[in-house]
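Novice:
In the working numbering, the protein residues as written are 151 to 398.
So this is what it looks like as C-alpha cells:
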C-alpha cells in the first residue's frame with residue numbers, strides 16, 4: 151500500500167498541527183515501540199498508558215510474565231513501570247498511568263470499557279492536547295479495546311487532531327493492518343497515511359530500556375526498526391459507532 155506523505159527527520163509537524171501531542175498506549179512499551187521517533191521529535195509530548203495496574207491477586211504468574219523472567223504479576227508490573235520511566239526519559243517525554251488491569255490478569259476485560267472511556271476523556275480534558283495518537287488496534291485484545299474506547303472519546307472531542315499509529319510489532323503479522331483498515335473504512339472513517347523516517351536516534355535507547363519485554367521477544371523485533379506509520383483521521387460518516395471486539 152503506498153504512503154502519500156513522508157515525514158522528514160526535520161519535523162513531524164504534519165502529525166501535530168495544533169499543539170501538545172498525546173499518545174495513548176495500551177501497555178508499558180507500546181507508545182515507545184510504535185511512536186518513539188515521533189515522540190522524540192515533539193517537545194512536551196505525553197504518553198498515556200492504560201494498562202498499568204497490579205491485579206488483586208498479584209501473586210499470579212502468566213506464561214508471558216514467566217517468559218519475561220518474572221515470578222509474579224506484581225513483580226512484573228513494578229519492573230515494567232520502572233522500564234517505562236527510563237524509556238520515556240530517554241526520549242524526553244512525560245507519562246500518565248490510568249491503572250487499568252491487563253487482560254492477561256482478568257476474566258472479563260470488556261467489563262472495564264465504560265470506565266476506560268470515562269478515564270480517557272477525563273485525562274485528555276486535563277492534558278488539553280492539540281493532537282492525539284491512538285493504536286490502530288491490531289492483534290491484541292487490549293489494543294483493540296483502547297482503540298475502540300479512544301474512537302468513542304474522539305466523538306466528544308472533535309476539535310483535537312486525531313490519528314492512528316500502527317501497533318508495532320503486531321503490524322508485522324500478515325494481513326492485520328489491511329483487515330483493520332477495511333473494517334474502519336466500512337464504518338465511515340476516512341484515513342490518510344503518513345510514514346516516518348527510519349530514524350531511530352534516541353528511540354533505540356528507549357527500546358533497550360524494556361529489557362524484560364525484549365527477553366520474551368528474544369531480542370529487538372525487526373519491526374521496531376522499520377519506519378513508524380500513521381493514519382490521519384479525516385472524517386466520519388454519521389451513524390452509530392459499533393464497538394467491535396471480534397479479534398480480542
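By construction, the Cβ of each residue, glycine as well, lies at the ideal position given by its N, Cα and C atoms.
Owing to the predicted nature of the structure, the values given are computational and were not obtained by experimental measurement.
1. Please classify residue 202: does DSSP put it in a helix, a strand, or coil?
2. In terms of residue numbering, what span does the beta strand (DSSP E) encompassing residue 311 cover?
3. Name the DSSP bridge partner or partners of residue 332?
4. Which full runs of the alpha helix (DSSP H) of 4+ residues lie inside the segment 238-293, going along the chain?
5. Is it buried or exposed, residue 275, if we count other Cβ atoms within 10 angstroms and call 16 or more buried?
6. With 16 as the cutoff for other CB atoms within 10 Å, does residue 252 come out buried or exposed?
7. Would you call residue 261 buried or exposed, if buried means 16 or more other Cβ atoms sit within 10 Å of its Cβ?
8. Can you find the residues in the same chain that come closer than 6 angstroms, C-beta to C-beta, to residue 245, ignoring five residues on each side of it along the sequence?
9. Have a look at 266, 374 and 232 and flag the residue whose alpha-carbon is nearest the alpha-carbon of residue 362.
10. Taking the beta carbon of residue 265 as the centre, do at least 16 other beta carbons fall within 10 Å, making it buried, or is it exposed?
11. Over the uninterrupted alpha helix (DSSP H) stretch that includes residue 174, give me the two end residues.
12. Tell me whether residue 341 sits in a helix, a strand or coil according to DSSP, three-state version.
13. In or out: residue 335 buried (at least 16 other Cβ within 10 Å) or exposed?
14. To the nearest angstrom, report how far apart residue 323 and residue 286 are at their CA atoms.
15. Can you check whether the CB of residue 172 is closer than 9 angstroms to the CB of residue 282?
16. Shortest alpha-carbon distance to residue 359 belongs to which of 291, 208 and 236?
17. So which of 320, 368 and 365 has the shortest CA-CA distance to residue 376?
18. What three-state label does DSSP hand residue 383 in the structure shown?
19. With DSSP as the reference, please indicate the residues paired to residue 196 in a beta bridge.
20. What is the DSSP secondary structure of residue 421, reduced to helix, strand or coil?
21. Nearest CA to the CA of residue 106: which residue from 177, 342 and 295?
22. Evaluate residue 290 with the Cβ neighbour count: other Cβ atoms within 10 Å of its Cβ, from every protein chain shown; 16 or more gives buried, anything less gives exposed.
23. Using CA atoms only, rank isn't needed, just tell me which of 241, 310 and 325 is closest to residue 169.
Specialist: Per the coordinate set shown:
1. Under the three-state reduction of DSSP output, residue 202 falls in the coil class, being neither helix nor strand.
2. For residue 311, the enclosing beta strand (DSSP E) begins and ends at 311-315.
3. As computed with DSSP, residue 332 is found in no beta bridge at all.
4. Fully enclosed alpha helix (DSSP H) runs of 4 or longer: 263-277.
5. So residue 275 ends up on the exposed side.
6. Counting Cβ neighbours within 10 Å, residue 252 comes out buried, since at least 16 surround it.
7. Around the Cβ of residue 261, a 10 Å sphere holds fewer than 16 other Cβ atoms; the residue is exposed.
8. If we look at residue 245 and ignore the five residues flanking it on each side, its Cβ neighbours are 197 and 238.
9. Minimum Cα distance to residue 362 is reached at 232.
10. Answer is exposed; the Cβ neighbour count stays below 16.
11. It is not in any alpha helix (DSSP H) - residue 174 instead sits in the beta strand (DSSP E) that spans 171-175.
12. Reduced to three states, the DSSP call for residue 341 is strand.
13. By the neighbour-count rule (16 or more Cβ atoms within 10 Å), residue 335 is not buried but exposed.
14. Cα-Cα distance, rounded: 13 angstroms.
15. Less than 9 angstroms divides the Cβ of residue 282 from the Cβ of residue 172.
16. 236 is the residue among 291, 208 and 236 whose C-alpha sits nearest the C-alpha of residue 359.
17. Of all alpha-carbon atoms in 320, 368 and 365, the one lying nearest the alpha-carbon of residue 376 is that of 320.
18. DSSP, reduced to helix, strand and coil, places residue 383 within a strand of the structure shown.
19. Residue 196 is bridged to 172 and 244.
20. The structure shown has nothing for residue 421, since the chain only spans 151 to 398.
21. Any answer about residue 106 is impossible in this case: the structure gives the chain only from 151 up to 398.
22. With 16 or more Cβ atoms within 10 Å of its Cβ, residue 290 is classed as buried.
23. Scanning 241, 310 and 325 for the CA closest to the CA of residue 169 turns up 310.
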